[in-house]
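The structure appears below as structure tokens.
Residue numbers (UniProt numbering): 1 to 180.
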């Protein structure tokens, strides 16, 4: 018996998470989605906040159209700043989240959610001085040598890790960092 592989449809567009495959939030998979029941070639591998364990069980299309959030009362990230309700729902219920060492938080700039670009270390942040400045701002209560040591220790694939965003309105890069 020959088993056919699922047809890979073009992924939906996520304005707040422009490349979820590159960030690892969406992976190729022949898993059937728990929401629509279809195997579409990709599955969401990030955090899901719901009563049911849905990690690695939702397709990107059901996240994008909001059906996964509606059916399972699910959210995919946390937003701590004030944003208009339509944007809040777009970020928390129709955008793939990302995995962090602590509770993830979506950064806000110009009264809207920023676009998540991915995890970053000191080497990656060197190309984004505005993001490095936002990290330094978060560490103003730290002694300067300790803050610089922490920033230099940031690593994309280990900890501490920075999470890089870009404002969708003005293009400013932002970041925050965490570790276990």
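Cβ atoms here follow ideal geometry from the backbone N, Cα and C, with glycine treated the same way.
Discussion item. Just to confirm my understanding: we take residue 74, look at its own chain, exclude 5 residues before and 5 after, and list those with CB closer than 6 Å. What are they?
Written reply: For residue 74, where only same-chain residues beyond five positions count, the Cβ hits under 6 Å are 48, 50 and 68.
Worksheet entry | Local conformation of residue 161 per DSSP, three classes | Correct three-state label for residue 161: strand.
Discussion item. On the DSSP letters alone, give me the boundaries of the alpha helix (DSSP H) that residue 64 sits inside.
Written reply: Counting along the chain, the alpha helix (DSSP H) containing residue 64 begins and ends at 60-64.
Fill in: Span separating the alpha-carbon of residue 58 from that of residue 42
9 Å
Discussion item. Tell me the DSSP secondary structure of residue 103 in three-state form.
Written reply: In the structure shown, residue 103 sits in coil (DSSP, three-state: anything other than H, G, I, E or B).
Discussion item. Measuring CB atoms only, is the stretch 122-129 touching the stretch 23-32, in the sense that at least three cross pairs come out at less than 8 Å?
Written reply: no
Worksheet item: For residue 72, which option in 111, 93 and 150 has the closest C-alpha, if you only look at C-alpha atoms?
Response: Taking only the C-alpha atoms, the option nearest residue 72 is 93.
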